[in-house]
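Novice: This is the structure, below, for whatever I ask next.
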Amino acid sequence: ETGVTQTPRHLVMGMTNKKSLKCEQHLGHNAMYWYKQSAKKPLELMFVYNFKEQTENNSVPSRFSPECPNSSHLFLHLHTLQPEDSALYLCASRGSTGPGLKQYFGPGTRLTVT
Amino acid sequence: RKEVEQDPGPFNVPEGATVAFNCTYSNSASQSFFWYRQDCRKEPKLLMSVYSSGNEDGRFTAQLNRASQYISLLIRDSKLSDSATYLCVVNIGGATNKLIFGTGTLLAVQP
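Written out as structure tokens, the structure reads:
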């Protein structure tokens, strides 16, 4: 149904592990976003890429490292995470120009840090 | 003050009821407005955009009052399938067209 896919859908990792989340959009969009959704909190914007260039880093700790090799793919590399980083990580994409253009979300990766 | 504020609910209503959600936002420069719906353990999905003139999509009516910085969503003839969290979302524009999300209002429609 959605033109934005994310893998894996679920991930359990220890605090010393390194893992990566992947997002792919099939909508021909130019902007891609990473959000974090923790329980009882609103979605928090983490990173924004426009035409593969990072245009926003919302004070995210360096243990989260984004990568955008092209306009269709976005990665979030994770290392030495903390238990409080457990959350739903959502990727979104958006077409170019105009504030009214909507963002479309992927299904998310539910991350548990043990 | 939160950038986007909503009553978290839950709103427990019987099938067929009319229910209204309200939302306020703090950034007067906000440019566009949306309601998203999020089912349990799923991603948010766009329900509808919100315009100053008011707009309707079937049983759903959205309204924006820029002077009061207030957004509303009205659901008529509630269905069981309407049960979800409704997110008020504001686009503050700029280079990234940043979306600010409210915490959401939980709706539970009872049979």
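Order-wise, the sequence lines are chains X and L. Residue numbering for the first sequence follows the working numbering, beginning at 1 and increasing consecutively. Residue numbering for the second sequence follows the working numbering, beginning at 1001 and increasing consecutively. By construction, the Cβ of each residue, glycine as well, lies at the ideal position given by its N, Cα and C atoms. Bear in mind the structure is a predicted one, so any value in this text is a computation, not a measurement.
Quick check on DSSP: helix, strand or coil for Ser1081 of chain L?
Specialist: helix
Novice: Please work out which residues of its chain come closer than 8 Å, Cβ to Cβ, to His26 of chain X, disregarding the five sequence neighbours upstream and downstream, and give them in chain order.
Specialist: Gly3, Val4, Thr5 and Ser72
Novice: Should Thr1024 of chain L and Leu1074 of chain L be called a contact, given that it needs their Cβ atoms to be closer than 8 Å?
Specialist: Going by C-beta atoms, Thr1024 of chain L is not nearer than 8 Å to Leu1074 of chain L.
Novice: Could you have a look at Asp1007 of chain L and say whether DSSP puts it in helix, strand or coil?
Specialist: coil
Novice: Could one say the Cβ of Leu11 of chain X lies closer than 8 Å to chain L's Cβ atoms, at least one of them?
Specialist: no
Novice: Please report how far the alpha carbon of Pro61 of chain X lies from the alpha carbon of Cys1088 of chain L, in whole angstroms.
Specialist: 27 Å
Novice: Using a Cβ distance threshold of 8 Å, determine whether the segment 13-24 of chain X contacts the segment 73-87 of chain X, with at least three qualifying pairs required.
Specialist: Because the criterion of three Cβ pairs below 8 Å is met, the segment 13-24 of chain X and the segment 73-87 of chain X touch.
Novice: Which residue from X:Ala92, X:Val113, X:Thr114 and X:Leu101 puts its Cα closest to that of Pro107 of chain X?
Specialist: X:Ala92
Novice: Name, please, each residue of chain X whose Cβ falls closer than 7 Å to the Cβ of Leu1046 of chain L.
Specialist: Lys102
Novice: If you drop the 5 nearest sequence neighbours on each side, which residues of the same chain put their C-beta closer than 7 Å to that of Thr1085 of chain L?
Specialist: Gln1038, Gly1104, Thr1105 and Leu1106
Novice: Cβ of Thr1024 of chain L versus every heavy atom of the ligand NAP: is any distance shorter than 7 Å?
Specialist: Among the ligands in the structure shown, none appear at all, so the ligand NAP cannot be discussed.
Novice: Report the rounded CA-to-CA distance for Tyr104 of chain X versus Tyr1036 of chain L, giving the unit in angstroms.
Specialist: 10 Å
Novice: Grouping DSSP H, G and I as helix and E and B as strand, with all else coil, what is Pro42 of chain X?
Specialist: coil
Novice: Please state if the CB of Thr112 of chain X and the CB of Arg9 of chain X are separated by a distance shorter than 8 Å.
Specialist: no
Novice: Among the candidates L:Gly1094, L:Gln1110 and L:Ala1067, whose CA atom is the shortest distance from the CA of Ser1081 of chain L?
Specialist: L:Gln1110
Novice: Just confirm the distance between the C-beta atoms of Ala47 of chain X and Tyr33 of chain X, as a whole number of angstroms; I'd bet it's less than 8 Å.
Specialist: Ala is not the amino acid found at residue 47 of chain X; the sequence shown has Phe there. Indeed they touch by this definition, with Cβ atoms about 7 Å apart.
Novice: Let me check one thing: in DSSP terms, what residues is Pro1014 of chain L bridge-paired to?
Specialist: L:Gln1110
Novice: For Phe1033 of chain L and Ser1026 of chain L, I'd like the C-alpha separation in whole angstroms.
Specialist: 13 Å
Novice: Can you pull the chain X residues whose beta carbon is under 8 Å from the beta carbon of Asn1102 of chain L, in chain order?
Specialist: Per the sequence shown, the amino acid found at residue 1102 of chain L is Gly instead of Asn. Pro42, listed in chain order.
Novice: Can you say whether Val12 of chain X is buried or exposed, counting buried as having 16 or more other CB atoms within 10 angstroms of its CB?
Specialist: exposed
Novice: Name the DSSP bridge partner or partners of Gln103 of chain X?
Specialist: X:Arg94
Novice: Flag this pair as yes or no: are the beta carbons of Ser1072 of chain L and Ala1020 of chain L separated by less than 8 Å?
Specialist: yes
Novice: So with Cβ pairs under 8 Å, would you call Glu1015 of chain L a contact of chain X?
Specialist: Judged by the 8 Å Cβ criterion, Glu1015 of chain L is not in contact with chain X.
Novice: Put Glu84 of chain X into one of helix, strand or coil per three-state DSSP.
Specialist: helix
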